[in-house]
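The structure appears right after this line, and notes come after that.
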Amino acid sequence: MISKQTIDKIFSTIRVEEIVGEYVQLKRAGSNFKGLSPFHEEKSPSFVVSPSKQIWKDFSTGKGGTAISFLMEIENFTYPEALRHAAKKYGIEIEEDQREFSEEAKHAQTEKDQLYKIHEVANSYYQEILWDSEEGKSIGLAYFRERELKDDIIKKFQLGYSPEKKNAFTAYAEEKGYSKEILEKSGLSIFPENTPSGIDRFRERVIFPIHSFSGRVLGFGARILKNNLKTAKYLNSPETEIYHKSNVLYGLNQSKQAISRKNICLLVEGYMDVIALHMAGIENVVASSGTSLTTEQIKLIKRLTENVTILFDGDNAGIKASFRSIDMLLTEGMNIRVLLFPDGDDPDSFSRKHPQDYVEKFIENEAKDFIDFKAEILLREVGNDPIKKAEAIRDIVKSVGFVQNALKREVYLKEVSNKFGLSEQSLFNELDVQKQITQNQHQHVQQQKEKVQPKLEVVPLDTEKEDPYLYDVLFMESKLVDHMLMFGDIVLKRMNEKNEEYQITVIEEILLHFEEEQYSFLVKGNEIIIDQVKEGIQKDELRSGNFFVSFMDEEITSKVVDALMPLDELENWGSRNIYPPNYGDKIAEQVQGDVLLHKYRYIDYLIKETAKQLDEFSGKDEGKYYELIKKITLLKQASMKLSDIIEYSPIKGIYVDRKR
1 MISKQTIDKI
11 FSTIRVEEIV
21 GEYVQLKRAG
31 SNFKGLSPFH
41 EEKSPSFVVS
51 PSKQIWKDFS
61 TGKGGTAISF
71 LMEIENFTYP
81 EALRHAAKKY
91 GIEIEEDQRE
101 FSEEAKHAQT
111 EKDQLYKIHE
121 VANSYYQEIL
131 WDSEEGKSIG
141 LAYFRERELK
151 DDIIKKFQLG
161 YSPEKKNAFT
171 AYAEEKGYSK
181 EILEKSGLSI
191 FPENTPSGID
201 RFRERVIFPI
211 HSFSGRVLGF
221 GARILKNNLK
231 TAKYLNSPET
241 EIYHKSNVLY
251 GLNQSKQAIS
261 RKNICLLVEG
271 YMDVIALHMA
281 GIENVVASSG
291 TSLTTEQIKL
301 IKRLTENVTI
311 LFDGDNAGIK
321 ASFRSIDMLL
331 TEGMNIRVLL
341 FPDGDDPDSF
351 SRKHPQDYVE
361 KFIENEAKDF
371 IDFKAEILLR
381 EVGNDPIKKA
391 EAIRDIVKSV
401 GFVQNALKRE
411 VYLKEVSNKF
421 GLSEQSLFNE
431 LDVQKQITQN
441 QHQHVQQQKE
451 KVQPKLEVVP
461 LDTEKEDPYL
471 YDVLFMESKL
481 VDHMLMFGDI
491 VLKRMNEKNE
501 EYQITVIEEI
511 LLHFEEEQYS
521 FLVKGNEIII
531 DQVKEGIQKD
541 ELRSGNFFVS
551 FMDEEITSKV
561 VDALMPLDEL
571 ENWGSRNIYP
581 PNYGDKIAEQ
591 VQGDVLLHKY
601 RYIDYLIKET
611 AKQLDEFSGK
621 DEGKYYELIK
631 KITLLKQASM
641 KLSDIIEYSP
651 IKGIYVDRKR
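Counted from 1, the sequence shown has number 421 at position 421 by UniProt numbering; the numbering is strictly sequential.
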C-alpha cells in the first residue's frame, strides 16, 4: 500500500493543468483553462481547469475533481494506479507501507487488473529476450538495426522479440503464477486440444507493444521475419477486455506532447512509419495500424489538436479507400491536409533518405487540402469524359457536405467553384441534394432500428422537487456547506448581545448553527463533510475545500468541486470588460443571511412533517394530538419571527430592501 507521506507528496507536486493537458486541448480563459469535454460530445467548451485550486470541472457531465480523479475517470485507473502513474510522471519514488494482506485480498484482483499485469509482464519479457538472449540479439535486434533503428529509439518504443520455442513465454508466465485462463483471455497464448502446454501467439516475431494514451500496454503487434512461411506478415493481439483496436492509435503515448505542442497530428499507416519519423526528430505522428480510421480514434487526436495531415505512400493502392477517413475527419470538425510521397517512398524510407528539416518542409509545402487531393486522385482517369468529371466533382462536394462549420463549408465550395469553373449556386444545389440523400439514409437506418427495438422512455421522478419544502431545506443545507468549503477559514467580525465585538470563522459560525438546531442532515455527503470538519476542529485544524479535494469519495469530491468552481467559472467576463461582483465578496452578510434562511426553511419543513402525524393520532391519542398542535403553533410563531427578521417574502427575496 502506498504510504500517506508519498500520497501527500504526489498531491503537492502534480499539476492538474499538466495532467489534464495531455488529454484535453486547453486554452487560457482568465485565471483558468477551458477545453472541450473528453467525456461528452460538445461544440462549445464546458470543461474548466483551475490551476490555483488544482481542480477540474466538466459542466456538460457534472464530473469534477483532482488530477488523480481525472486519471481514474479517463483511464479507468484504480486509485493506486492513478497515484503510481502520476508519481512516475513527476519522478516521485513510491514508498510502501509494509502491511500483511490476507489471502482473500491478494486474490481480489479483477480480470481486467490481471490482463494489464500480464501484458506488462509480457512486455518486459520480450524486451529482455531482445537485449539479453543470443537468439534475440542475433535475430530481433539485428533486424531493427538493419532497419537503421538506433538503440534509444528501440528502447523508447519498448520493442522486443518473441523466441522460436513454441511455448517459451507461456511457460515463463505460468511459472510466475498466471493461469492458462488469463493467458488465453489475453491472447498471448493459445491452447489447442492437442497442445495442452500451449503455444505463444507471437513466437519467432519482433514485437511492437501497443500502449494506451497514458502508457499502459494493451496489446501487441508482431512481425514475422522469415519470408518462406505461409503466414500473415503482421499479427496483432485479438480484442480483449482492455484492448479494442478501434479505440487505440499506435504511438499516441509517445507523441501526444509533440502533437499538442505543434498543434498538428501526422497520420500514417504502420508501426515503422511512426518509429522512423520519431528517429528523424518528427514526433507528432500516430498510426491507425492498418485498420480503417474510426470515430473513437479521431476523438483521441481531437483531444490534442484539430489539425491532421494524412501521409500516404506514393504507390499506395488503397488511397481511394481513404476517402471515407477524410469524410469522417471532416464530420468530427477536423482540419485536413493530405500528402502523397513520391512513388516508391513511404514515411519510413523518405525520412531515412533526408534530414529532418527537409522532411518537415516537404510535408508542410507539399501537403494539399482535401479538395485538391481528391481532385488529383479522381481526375487522373477521367480524361475528357464529362460524365466521369461530373461524378468526380459530385464526390468532392459530398465531402464538403461533411464540414460542420457553415463558414468553412462556404469557403470550400468557393474553392471548388474556382477550381472547376462552376457557378457557386450549382454547387450549393448539389450540396443540398447530397445532404438530403444522407439525411434520408440516416432516417431509414433509424426507422429500421426502431422497428427492431421499440424505444421505451422511463422518466425518473425528481422526488426532491415534488416536495417544495424538502427541496428548499436541502438547497439551503447544501449552500451552507458550500460556504464552509469555499470560505471556511475566513474570519468574520460579529457583535454579541452586550454589543461586544468578537471574531469567528465561517466554519465555526455555520457549525454552531447546526449544533444549536440539533440539525439532522438530509444529505449523506454533507453529513460526512461536517463530521470531518468537527474532527478537524478537535485537532485544531480548519478543514475547508482544499482538505476535501483529495478525499477519495466520488460524491464528496463532486460536491467540493461544485462548491469551489461555480457555473460562472465558464464565463470569462473580463475579456468583455465586464466585471461582476465575485461570489463571496460579501461573505459575512451571505453567511448571516443564509443561516437565518436555513432556519426559516427548516422550520417550514418541520411544520409540514409534524402536520403529517396529526391524522395518525386524531381520535386515538388525544394527549399526543394536542402535543403536536402545540409544537406546530410554536414552530409557526418562530417562522413568523424569522420572517420579520429577514424581511423575507416570495416576491422580494431575502437581500432586497433590508432594514439596517
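All C-beta atoms in this analysis are idealised placements derived from N, C-alpha and C, irrespective of residue type, glycine included.
- The shortest C-alpha to C-alpha distance from lysine 256 to any of Thr295, Tyr90, Phe213 is the one to Phe213.
- Taken in chain order, the unbroken stretches of alpha helix (DSSP H) that lie wholly in the stretch 588-650 and span 4 residues or more are 622-646.
- Distances from the CA of glutamate 241 to each of Glu42, Ile182, Ile504 were compared; the closest alpha carbon is that of Ile182.
- Below 8 Å, enough C-beta pairs join the stretch 262-280 and the stretch 349-367 to call them touching: three or more.
- Scanning Lys233, Lys636, Leu266 for the CA closest to the CA of leucine 249 turns up Leu266.
- When beta bridges are read from the DSSP output, phenylalanine 312 appears opposite Leu340.
- Taking one beta carbon from each stretch, the stretch 323-336 and the stretch 395-411 have 3 or more pairs nearer than 8 Å; the two touch.
- Residue range 524-538 is occupied by the alpha helix (DSSP H) that includes glycine 536.
- When the beta-carbon positions are compared, arginine 394 and glutamate 364 stay at least 8 Å from each other.
- Close CB contacts of alanine 87 within its chain, under the 6 Å cut and outside five residues either way in sequence, are with Ile10, Ile94 (chain order).
- Counting along the chain, threonine 331 sits inside the alpha helix (DSSP H) bounded by residues 323-331.
- By the CB criterion at 8 Å, isoleucine 129 and glycine 177 fall outside the cutoff.
- C-alpha of isoleucine 437 to C-alpha of glutamate 360: approximately 40 Å in a straight line.
- In the three-state scheme derived from DSSP, where H, G and I count as helix and E and B as strand, proline 209 is classed as strand.
- As the crow flies, the alpha-carbon of valine 560 is around 34 Å from that of lysine 117.
- The closest CA to that of isoleucine 199, considering only Pro80, Thr557, Leu188, is found on Leu188.
- DSSP lists Val285, Thr309 as the beta-bridge partner residues of leucine 266.
- CA-CA distance, glutamate 366 to leucine 339, rounds to 6 Å.
- Per DSSP, the continuous beta strand (DSSP E) segment holding lysine 34 begins and ends at 32-35.
- Between alanine 287 and glutamate 269, the beta carbon gap of about 6 Å places them in contact (Cβ cut-off 8 Å).
- Look at threonine 6 here: in three-state DSSP terms it is helix.
- Within the same chain, and ignoring the five residues on either side of glutamate 184 in sequence, the residues whose Cβ sits closer than 6 Å to its Cβ are Phe191.
- Of the candidates Ile224, Phe220, Ser197, Glu193, the residue whose Cα lies closest to the Cα of arginine 205 is Ile224.
- With a beta-carbon spacing of about 11 Å, phenylalanine 39 and tryptophan 56 fall beyond the 8 Å limit used to define contacts.
- The criterion of a C-beta distance shorter than 8 Å is satisfied by isoleucine 19 and alanine 67.
- Cβ-Cβ distances below 7 Å link asparagine 32 to Val48, Val49, Ser50, Glu569 in the same chain, with the five nearest sequence neighbours on each side left out; the list follows chain order.
- In the assembly as shown, histidine 244 is an exposed residue. Its beta-carbon has fewer than 16 other beta-carbons within 10 Å.
- A Cβ-Cβ contact shorter than 8 Å links glutamate 517 with lysine 599.
- Look at glutamine 503 here: in three-state DSSP terms it is strand.
- In this structure, isoleucine 645 keeps its C-beta atom at 8 Å or more from the C-beta atom of threonine 610.
- In this structure, glycine 221 lies near tyrosine 234, with their beta-carbon atoms less than 8 Å apart.
- If you draw a 10 Å sphere on the C-beta of glutamate 73, you find 16 or more other C-beta atoms in it, and that means buried.
- Between the alpha carbons of threonine 13 and alanine 168 lies a distance of about 42 Å.
- In the DSSP annotation of this structure, the continuous segment of the alpha helix (DSSP H) that includes tyrosine 271 starts and ends at 271-279.
- The alpha-carbon separation between asparagine 384 and alanine 390 amounts to approximately 11 Å.
- Per DSSP, lysine 226 lies in no beta strand (DSSP E) and is assigned neither H nor E.
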